[in-house]
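Let me begin by presenting the structure, written as structure tokens, before commenting on it.
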Amino acid sequence: MKIREAVENYLEKIYIEIHKKGKVRQADICSAMHYSRPTVSIMLRDLRDKGYIHIDEKGFLSLTEKG
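In this text, residue positions in the sequence shown follow this note's numbering: the first is 11, and each later residue adds one.
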């Protein structure tokens with residue numbers, strides 16, 4: 011899987027889970043994508059650093075305008 015494709019897959023899954031549940035945390039993404047917590051943590055940190063997502067003080071994810 012190419013890096014760009016992986017980023018798109020994560021962003022799409024975050025979008026879907028937010029619309030299904032309202033609020034989404036890392037654990038929800040791990041469960042939905044069947045990936046380990048460390049794997050998801052690395053990608054979420056990268057997405058945050060690139061400005062695609064915001065992670066609030068309680069660990070909830072949201073997409074930015076860029077994401």
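We put the CB at the ideal spot given by N, CA and C, even for glycine.
Item, Value
"Distance between GLN36 and ILE24 (C-alpha atoms, nearest Å)", "9 Å"
"Residue from LYS76, GLU22, HIS29 and LYS60 with nearest C-alpha to MET8", "Lying before the first or after the last residue shown, residue 8 is absent from the chain, which here runs from 11 to 77."
"CA-to-CA distance, TYR62 to GLU75, given in whole angstroms", "7 Å"
"First through last residue of the beta strand (DSSP E) which encompasses SER72", "70-73"
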